[in-house]
Amino acid sequence: MPILPAGLADQLAIFTTVFLGIFVEAAPFLMLGTLASGLVEVFFSQGDFGRLLPRHPLAAAAVGSLMGLAFPVCECGVVPLARRLVHKGLPLPAAIAFLLAAPVMNPIVIASTLAAFGPGPILYGRVGLTVLIAVATGAVFALQRRPERLLLPQSLPAIGGAGADAGRPLELRRAPPALAERVRRVLVIGVDEFFEMGRYLVFGGLLASLMQTFIPQSALLGVSSGPVVSVLILIALAVLLSICSTVDAFIALAFTGTFTTGSILSFLVFGPMVDIKSTLMFLGVFRRRAVVYLILLPLLMTILAGVFINLNTTW
Amino acid sequence: MTRAYRLTQTVILAALGAFLGWKLWTGEVFFYINERFQPLIVFGTAAALALAAGAAWMALRRAPEHDHAHAPARFPFGSVLFAALPLLLGLAVPARPLGASAIDNKGLNTSPPLTVSGGPAVPLDIAPQERTILDWVRAFNYADDVARFHDQPADVVGFVYRRPDLGDTRFMVGRFVVTCCAADASGVAMLVDWPDAAQLAENAWVRVRGPVRAAELNGQPIPLIAAVSVEPTEQPEHPYMYP
Numbered sequence: 004m005p006i007l008p009a010g011l012a013d014q015l016a017i018f019t020t021v022f023l024g025i026f027v028e029a030a031p032f033l034m035l036g037t038l039a040s041g042l043v044e045v046f047f048s049q050g051d052f053g054r055l056l057p058r059h060p061l062a063a064a065a066v067g068s069l070m071g072l073a074f075p076v077c078e079c080g081v082v083p084l085a086r087r088l089v090h091k092g093l094p095l096p097a098a099i100a101f102l103l104a105a106p107v108m109n110p111i112v113i114a115s116t117l118a119a120f121g122p123g124p125i126l127y128g129r130v131g132l133t134v135l136i137a138v139a140t141g142a143v144f145a146l147q148r149r150p151e152r153l154l155l156p157q158s159l160p161a162i163g164g165a166g167a168d169a170g171r172p173l174e175l176r177r178a179p180p181a182l183a184e185r186v187r188r189v190l191v192i193g194v195d196e197f198f199e200m201g202r203y204l205v206f207g208g209l210l211a212s213l214m215q216t217f218i219p220q221s222a223l224l225g226v227s228s229g230p231v232v233s234v235l236i237l238i239a240l241a242v243l244l245s246i247c248s249t250v251d252a253f254i255a256l257a258f259t260g261t262f263t264t265g266s267i268l269s270f271l272v273f274g275p276m277v278d279i280k281s282t283l284m285f286l287g288v289f290r291r292r293a294v295v296y297l298i299l300l301p302l303l304m305t306i307l308a309g310v311f312i313n314l315n316t317t318w
Numbered sequence: 156m157t158r159a160y161r162l163t164q165t166v167i168l169a170a171l172g173a174f175l176g177w178k179l180w181t182g183e184v185f186f187y188i189n190e191r192f193q194p195l196i197v198f199g200t201a202a203a204l205a206l207a208a209g210a211a212w213m214a215l216r217r218a219p220e221h222d223h224a225h226a227p228a229r230f231p232f233g234s235v236l237f238a239a240l241p242l243l244l245g246l247a248v249p250a251r252p253l254g255a256s257a258i259d260n261k262g263l264n265t266s267p268p269l270t271v272s273g274g275p276a277v278p279l280d281i282a283p284q285e286r287t288i289l290d291w292v293r294a295f296n297y298a299d300d301v302a303r304f305h306d307q308p309a310d311v312v313g314f315v316y317r318r319p320d321l322g323d324t325r326f327m328v329g330r331f332v333v334t335c336c337a338a339d340a341s342g343v344a345m346l347v348d349w350p351d352a353a354q355l356a357e358n359a360w361v362r363v364r365g366p367v368r369a370a371e372l373n374g375q376p377i378p379l380i381a382a383v384s385v386e387p388t389e390q391p392e393h394p395y396m397y398p
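Protein chains in written order, with the numbering used here: chain A, 4 to 318; chain B, 156 to 398.
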């Protein structure tokens with residue numbers, strides 16, 4: 004016997020299927036990220052990253068933007084991993100550039116973009132713009148010399164910063180522990196960060212699937228022309244859909260023909276940096292004001308680049 | 156307190172692993188994702204169980220956790236609730252793939268991309284009877300002249316989608332195309348001429364056979380089947396098509 008009216012039951016079924024689609028797909032990626040974070044914590048020592056990276060903030064940001072090639076994570080896994088790297092002494096400009104660029108600058112995503120669009124302006128534009136925007140945003144964050152103004156207390160580096168206790172020393176550091184102990188620590192960090200970040204993933208997934216259930220996509224896609232409007236529309240769609248960066252190229256492929264090249268590039272550049280679930284995760288790492296910058300700077304640069312490409316190129 | 160929290164984590168993670176494993180076992184995982192992500196869900200199942208083991212390890216340790224840094228001071232109901240929510244939703248709402256009712260939200264895609272990641276060859280190379288709804292829609296979208304498809308035999312499986320403007324003798328047979336997960340689904344459909352269209356239940360799965368004609372929907376060319384037979388059929392194991 005139906006408890007709900009048929010229309011509402013249909014909506015609930017669509018909502019649940021879309022939500023579980025996002026969750027089932029993103030949860031393994033998040034676990035991969037939190038386990039990677041645990042591995043970094045246990046197998047790298049404090050300051051390893053600080054020593055390896057160039058001192059100049061711009062150079063550090065440039066290296067950070069390419070680190071995704073070594074740590075292939077997408078936007079769900081990158082947040083806990085970036086926070087862990089900061090905790091381990093990675094300079095903030097590098098960490099910000101890593102956070103923004105890694106979901107695109109990793110072998111899987113580059114391969115999927117290549118598969119969808121072939122070697123051409125979309126692929127090169129996506130990689131180039133992502134690095135450019137990530138490095139520029141990282142460099143802006145370097146202007147703030149006091150990380151405690153940007154980061155929530157639990158994200159601060161364990162040494163330096165505002166007093167020895169401000170950083171949460173996640174582990175007691177003693178003589179190198181036995182392998183079993185290391186494995187246990189990796190798992191515990193994986194568990195705790197999964198619960199911490201998982202709620203943002205779930206909440207973001209709920210929002211995205213609610214909007215998908217109640218706002219018809221045609222309402223957005225009806226306005227596909229215009230060098231400026233098309234860019235804004237596809238950016239909005241990237242945020243609303245919250246699709247994983249490993250596959251968004253295939254989604255964007257459906258827009259070629261109806262949408263401008265600049266808008267498709269904007270979709271592919273901004274979507275992996277900022278969407279509903281990653282914004283919520285940012286709020287678990289950064290202070291609110293920093294999150295605003297973290298969204299606005301890439302947003303403005305993406306819009307500028309997208310509109311510029313539409314007006315000045317014939318791609 | 157810490158122990159209670161660790162035990163709760165253990166239960167939720169173990170349940171998550173079981174949930175993913177069960178979805179894989181029943182095949183219902185394909186109501187949510189594209190089949191090429193199946194290995195990811197296998198990994199997710201294993202990772203959730205490994206994390207559950209980690210949480211249990213902490214819960215069962217004789218010595219209490221000395222470094223209080225790990226577990227929060229108060230029992231974090233919010234985190235636990237959110238982590239449990241997907242499981243509760245998955246158990247409470249019967250699993251169902253996107254169907255006819257979702258077309259209204261997701262819209263119909265009359266120009267799906269021709270090929271993705273070196274997928275199957277151009278649909279024109281496929282024998283007409285072998286073409287899926289997606290192949291037909293693509294073929295119509297990319298052919299220079301759709302008249303060449305006239306009278307080619309179609310044999311497709313999809314769900315019944317009806318629209319008031321189609322009248323009583325016409326319906327659409329549709330499928331959803333999923334690239335990654337259900338969040339990116341978009342519908343593809345063919346028109347079907349069938350005298351008893353009014354008798355078909357919305358969203359019922361049918362196998363439609365008959366010669367193809369060229370038709371138009373909102374100014375876009377769309378294939379139409381002048382149906383010779385419309386038989387009810389089982390929902391396919393993979394309800395979505397993969398581009």
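Ideal placement from N, C-alpha and C gives every residue a C-beta, glycine not left out. These figures come from a predicted structure and were not determined experimentally.
Tell me, please, whether the stretch 195-208 of chain A touches the stretch 26-37 of chain A by the rule of three or more beta-carbon pairs shorter than 8 Å.
yes
Can you give the beta carbon distance from P75/A to P110/A, rounded, assuming they're within the 8 Å contact cut?
6 Å
Y422/B - DSSP class collapsed to helix/strand/coil:
Lying outside 156 to 398, the shown extent of chain B, residue 422/B is not represented and no answer is given.
Rounded to a whole number of angstroms, what is the C-alpha to C-alpha distance between I17/A and V363/B?
25 Å
At the 8 Å Cβ level, is G182/B part of the contact set with chain A, yes or no?
no
Skipping 5 residues on each side, what residues in its chain have a beta carbon closer than 7 Å to that of V301/B?
F295, A369, P376
Residue span of the alpha helix (DSSP H) that contains D251/A, given as start and end:
251-256
CA nearest to the CA of A119/A, picked from S248/A, V43/A, G41/A:
S248/A
Can you round the beta-carbon distance between V328/B and V347/B to whole angstroms, since I take them to be within the 8 Å contact cut?
5 Å
Please go through the same chain and pick out, in chain order, the residues whose beta-carbon is closer than 6 Å to the beta-carbon of H394/B, but skip the five residues on each side of it.
Note on identity: in this sequence residue 394/B is Pro, with His being the wrong assignment. Cβ neighbours of P394/B beyond the five flanking positions: P252.
Looking only at its own chain, which residues have a Cβ that is under 7 Å from the Cβ of A39/A, when we skip the five neighbours before and after it?
F74, V76, G80, L84
Can you pull out the residues from the stretch 266-284 of chain A whose beta carbon lies closer than 7 Å to at least one beta carbon of chain B?
none
Closer than 8 Å, CB to CB, is P31/A near chain B or not?
yes
Check the Cβ-Cβ distances between I17/A and every residue of chain B, and say whether any is below 8 Å.
yes
According to DSSP, is M34/A helix, strand or coil?
helix
Cβ neighbour criterion (16 or more within 10 Å) applied to W177/B:
exposed
What three-state label does DSSP hand C335/B in the structure shown?
coil
Taking only beta-carbon positions, decide if R251/B is within less than 8 Å of chain A.
yes
Chain A beta carbons: is any one of them nearer than 8 Å to that of Q284/B?
no
For L179/B, go through chain A and note every residue whose CB falls closer than 8 Å to its CB, in chain order.
None at all; the shortest Cβ gap to chain A is about 10 Å.
Check whether the Cβ atoms of F285/A and V82/A lie closer than 8 Å to each other.
yes
Ends of the alpha helix (DSSP H) at D306/B?
Careful: D306/B lies outside any alpha helix (DSSP H) and carries neither H nor E.
Got a sec: is the Cβ-Cβ distance from D339/B to anything in chain A below 8 Å?
yes
Within the 8 Å Cβ cut-off, does I298/A reach chain B?
no
Among Y316/B, F232/B, T181/B, N264/B, which residue has its Cα nearest to the Cα of G342/B?
N264/B
Hey, how far is the Cα of A142/A from the Cα of E392/B?
51 Å
Please check if any C-beta of chain B sits within less than 8 Å of the C-beta of T216/A.
yes
Taking the straight line between their C-alpha atoms, what separation do you get for L237/A and L15/A?
26 Å
Separation of N189/B from D306/B, as counted between CA atoms
33 Å
Alpha-carbon to alpha-carbon, V166/B and C336/B
26 Å
How big is the Cα-Cα spacing for L179/B and A202/B?
15 Å
Run through chain B and tell me which residues come within less than 7 Å of D51/A, C-beta to C-beta.
Correct list: empty, because the minimum Cβ distance to chain B is about 21 Å.
Take L213/A and list the residues in its own chain whose beta-carbon comes closer than 8 Å to its own, dropping the five residues that flank it on each side.
F18
Who does Q375/B pair with in a DSSP beta bridge?
L372/B
Mind listing, in chain order, the continuous alpha helix (DSSP H) runs of no fewer than 4 residues lying wholly within the stretch 42-86 of chain A?
51-55, 60-69
What residues in its chain sit with their C-beta under 7 Å from that of R231/A, if we drop five residues either side in the sequence?
Note that residue 231/A is Val in the sequence shown here, rather than Arg. Same-chain partners within the cutoff: V310.
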